[in-house]
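Residue numbers (this note's numbering): -19 to 69. We treat Cβ as the ideally placed atom computed from N, Cα and C, and that holds for glycine. Remember, it's a predicted structure, so these values are computed and weren't measured experimentally. For reference, the structure discussed in these notes is given below.
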Amino acid sequence: MKTKVSSSAPEIKLALTRKQTAAALGVSPITVDRLTKRKLLRPSRATRRPLYAVREIERFLHETTTDLSAADCHAETDSATWNGGANES
């Protein structure tokens, strides 16, 4: 009788498929294609289908994440410029 050995360790993936990458980012696979075409995401082409390294996805998220406090400062400056400084007292 054969017994199946189960491993309690989670499966570690170094790279994700296009669909898995889309799911991880919360976007559609078409959006992943667009990001790749714009060279914002760089897949590995070692196989027939593109694979997106987990580190590459993390790099993309890190480089495209803005600091909220800095964004708020820019928004206030932009609105004052847009209104021609009319909001200033």
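* Closest by CA to R(-2), which one among E(-9), I(-8) and G6? -> One-based indexing of the sequence shown puts residue -2 at position 18. The shortest Cα separation from R(-2) among E(-9), I(-8) and G6 belongs to G6.
* Put L15 into one of helix, strand or coil per three-state DSSP. => As a first step, residue 15 must be located in the sequence shown, where it is residue number 35. Helix, per DSSP.
* Please work out which residues of its chain come closer than 7 Å, Cβ to Cβ, to F40, disregarding the five sequence neighbours upstream and downstream, and give them in chain order. => Here the question's residue 40 lines up with position 60 in the sequence shown. These residues qualify, in order along the chain: L20 and L21.
* Burial state of T1 (16 or more Cβ within 10 Å) -> Start at 1 with the first residue of the sequence shown, and residue 1 comes out as number 21. Taking all protein chains in view, the Cβ of T1 is crowded by 16 or more other Cβ atoms within 10 Å, so the residue is classified as buried.
* Between T16 and V34, what straight-line distance do the alpha-carbon atoms span, to the nearest angstrom? -> Position 36 of the sequence shown holds residue 16. Position 54 of the sequence shown holds residue 34. Spanning the two alpha carbons is a distance of roughly 15 Å.
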